[in-house]
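Since the structure comes first, as structure tokens, the remarks are kept for the end.
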Amino acid sequence: MPKYQALPFIACCISGSRALAAFFVELGAAMIVASTIVPDFSSFLTPRYRREPTLLTHRPTSSRVARLTCLSHFETLVQSFPIGLQACRAPHRRGDRHTEQAWAGRGGLPCFRYAASRRIQGPMVKRVLLAVGAGTACFTILVAGYLYARLSPFSYEQVSDDVYMVKGFGGNVAILRTDDGAVVVDSMTFGFQGKWIRKLAERLSGGPIRAVINTHYHQDHTHGNPAFAGTARFVATANTRKHLVAIDADYWTGEAAATLPADTFVHDHVMEIGGKTILSMYKGRGHTDGDLVVLFVEDRVLHAGDLVFNSHWPNIDLEAGSSIPAWIETLNAVADLGFDRVIPGHGAVTDRRGIRQFQTFLRELWREVRAAVKAGMTVDEARANVKLPIAKDFEVFSVPTVISLDRGFVIGRAWEEAARAAGSKAQPTAAGS
Ligand SMILES: [Zn+2]
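Counting in this note's numbering, the sequence shown runs from 1 upward without gaps.
As structure tokens, then:
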């Protein structure tokens, strides 16, 4: 059998019609995917094919041409498949020149009628491959570009003589420089960010990391912990450890398990390191029921964790013990501490005013949403009607398909708590909606 007939013969006769049909279905699916990625794919692929539909003579000169000829039939395969099968069975040799009549006279039918020119066939298949390749590359570049744009920004600023705030994808991080290494508060979202923070902290302090304090259990404050294995002790409230183990258990296995906070407390925790006093305190429920704040006593800087969102829509984690009215009270106790500057969980460095502003926002949110619940509004009606002018410039934090901390989410969560408090039946609202 001539070499150039091997592929179509195998495809059409040995594999059988179902296998060939399956091949074309797959090819079609690939093209649909490609045409989704590259909107102009169809017109990019087919104009010459349509403009020159009836080249009646062809001269197969290699297996590549014969194979490509069959491939080029993908568009009319459903109708012409039986014809194609006959044509493929027709004997012809390398170098044969077939006219339509000769081809039909040998028992074949002009299955190559619509694509009988190397000039058309070759570039067409190349275009398919090129378009699929280009589409895949574009998609990969888009995804990589999105991830790079979201994850790579990483900056830090000095807040006091020895305290720095690190900003990146996740909660704000504090680094305290001491005469005996560094103390880090929170570790961001990913292990590689933890490595960046560790390098920075070691460079700034000129020593090892002595302690990592996690303000609460959320992954954007804890998942960088594994990068600090070795020299650091890991501090958190007992409730935070409980949530990490219960809610985020999958992450804290293997090597990460060694960086789960083991140094836990209920009310207060004090460390004296390198001439600095680090006071971690639990002041009550708020964002969760385990949030601590860290006071760098000598530097008069407070890391407030997610008890303070500065001009950002907050996460309200009812499932982990969050409560808006309790949060408002807890912030009174936090605001009474001895500090000048505040590192919030999210947003820019602030001070006591930032805490009070966020507290005022929570008060307004609670008052307005409670009134909406008392008026019998559904959660959607509350979202449509509640006015929160204080939050008009709040930033939204969103990760597609994961979470969106925005107005709708915050009002939904407040409505849930208010409805529960009012004793009425709360309709479930999806987190992140
Ligand atoms: Zn949080």
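Glycine residues also receive a C-beta, built at the ideal position from the N, C-alpha and C atoms.
Exercise. Pull up the distance between the alpha-carbon of G145 and that of F139, whole angstroms please.
Key: Numbered from 1 along the sequence shown, position 145 holds the residue referred to as residue 145. Numbered from 1 along the sequence shown, position 139 holds the residue referred to as residue 139. Computed Cα separation, rounded: 10 Å.
Quiz prompt | Beta carbon proximity, P153 to chain B, threshold 7 Å | solution = Absent from the structure is chain B; it holds one protein chain and no more.
Self-check item: Close beta carbons around G347, own chain, < 7 Å, minus the five adjacent residues each side
Solution: Here residue 347 corresponds to residue number 347 of the sequence shown, with the count starting at 1. Taken in chain order, the residues that qualify are F309, N310, S311 and H312.
Quiz item: Is the CB-CB distance between V185 and V294 below 7 Å?
Solution: The count along the sequence shown starts at 1 and reaches residue 185 at position 185. The count along the sequence shown starts at 1 and reaches residue 294 at position 294. The Cβ atoms of V185 and V294 lie closer than 7 Å to each other.
Quiz item: In three-state DSSP terms, what is T350?
Solution: Position 350 of the sequence shown, counting from 1, holds the residue named residue 350. Reduced to three states, the DSSP call for T350 is strand.
Exercise. Inspect the beta-carbon positions of F394 and L405 and report whether they are closer than 7 Å.
Key: Mapped onto the sequence shown, residue 394 falls at position 394. Mapped onto the sequence shown, residue 405 falls at position 405. Contact check for F394 against L405 fails: the beta carbons are separated by 7 Å or more.
Practice problem: From the DSSP output, in three-state form, read off F361 for me. | Solution: Here residue 361 corresponds to residue number 361 of the sequence shown, with the count starting at 1. When DSSP states are grouped into helix, strand and coil, F361 belongs to the helix group.
Practice problem: Tell me whether K167 sits in a helix, a strand or coil according to DSSP, three-state version. | Solution: The count along the sequence shown starts at 1 and reaches residue 167 at position 167. Strand at K167.
Quiz prompt | Alpha carbon of T222 to alpha carbon of L130, nearest angstrom | solution = Locating residue 222 in the sequence shown gives position 222, counting from the first residue. Locating residue 130 in the sequence shown gives position 130, counting from the first residue. Taking the CA atoms as reference points, T222 sits about 43 Å from L130.
Exercise. Could you please give the first and the last residue of the uninterrupted alpha helix (DSSP H) stretch that includes V434?
Key: This structure gives no information on residue 434, because the portion of the chain shown stretches from 1 to 433.
Self-check item: T402 versus A201: straight-line alpha-carbon distance, rounded
Solution: For the purposes of this step, residue 402 is taken as the residue at position 402 of the sequence shown. For the purposes of this step, residue 201 is taken as the residue at position 201 of the sequence shown. Note that residue 402 is Val in the sequence shown here, rather than Thr. In this model, V402 and A201 are separated by some 30 Å (Cα to Cα).
Self-check item: Spatial distance of K242 from Y282 (CA atoms)
Solution: As a working mapping, residue 242 is identified with position 242 in the sequence shown. As a working mapping, residue 282 is identified with position 282 in the sequence shown. CA-CA distance, K242 to Y282, rounds to 15 Å.
Quiz prompt | Inter-residue Cα distance where the pair is G345 and D317 | solution = One-based indexing of the sequence shown puts residue 345 at position 345. One-based indexing of the sequence shown puts residue 317 at position 317. Their backbone Cα atoms lie some 14 Å apart in a straight line.
Quiz prompt | Rounded separation between V342 and Q219 - CA only | solution = As a working note, residue 342 is residue 342 in the sequence shown. As a working note, residue 219 is residue 219 in the sequence shown. The C-alpha of V342 lies about 21 Å from the C-alpha of Q219.
Quiz item: Can you find at least 3 beta carbon pairs, one from the region 244-253 and one from the region 265-280, that sit closer than 8 Å?
Solution: Contact check between the region 244-253 and the region 265-280: fewer than three CB pairs, one atom from each, fall below 8 Å, which does not count as touching.
Quiz item: Relative to ligand 1, is the shortest distance from any of its heavy atoms to the C-beta of D306 smaller than 6 Å?
Solution: What you label residue 306 is simply residue 306 of the sequence shown in a count that begins at 1. Checking the Cβ of D306 against ligand 1 gives yes.
Quiz item: Going by alpha carbons, who is nearest to R300 out of G135, V128, Y164 and G133?
Solution: As a position in the sequence shown, residue 300 is number 300, starting the count at 1. Residue Y164 is the option with its Cα nearest to R300.
Quiz item: Is the region 230-239 in contact with the region 207-216, if contact means three or more CB pairs nearer than 8 Å?
Solution: They touch, by the three-pair rule.
Quiz item: Any idea what DSSP makes of K195, helix, strand or coil?
Solution: Within the sequence shown, residue 195 is the residue found at index 195, counting from 1. Looking at K195 - three-state DSSP - the assignment turns out to be helix.
Self-check item: Contact test: H223 Cβ vs ligand 1 heavy atom, cutoff 6 Å
Solution: Counting from one through the sequence shown, the residue named residue 223 turns up at place 223. The answer is no for H223.
Quiz item: Comparing the CB of N315 with every heavy atom of ligand 1, is any distance shorter than 6 Å?
Solution: The residue given as residue 315 occupies position 315 in the sequence shown. For N315, the CB falls within less than 6 Å of some heavy atom of ligand 1.
Quiz item: Just how far apart, CA to CA, sit T231 and I141?
Solution: Mapped onto the sequence shown, residue 231 falls at position 231. Mapped onto the sequence shown, residue 141 falls at position 141. Whole-angstrom Cα-Cα distance: 38 Å.
Quiz item: So, using beta-carbon positions, are A437 and V369 closer together than 7 Å?
Solution: Only positions 1 to 433 of the chain appear in this structure, which leaves residue 437 out of reach.
Practice problem: Go ahead and label A246 buried or exposed: buried means 16 or more other beta carbons lie within 10 angstroms of its beta carbon, across all protein chains shown. | Solution: Position 246 of the sequence shown holds residue 246. That one is exposed.
Quiz item: Going along the chain, which residues of its own chain have a beta-carbon closer than 8 Å to the beta-carbon of A333, five neighbours each way excluded?
Solution: What you label residue 333 is simply residue 333 of the sequence shown in a count that begins at 1. Answer for A333: K283 and G284, listed in chain order.
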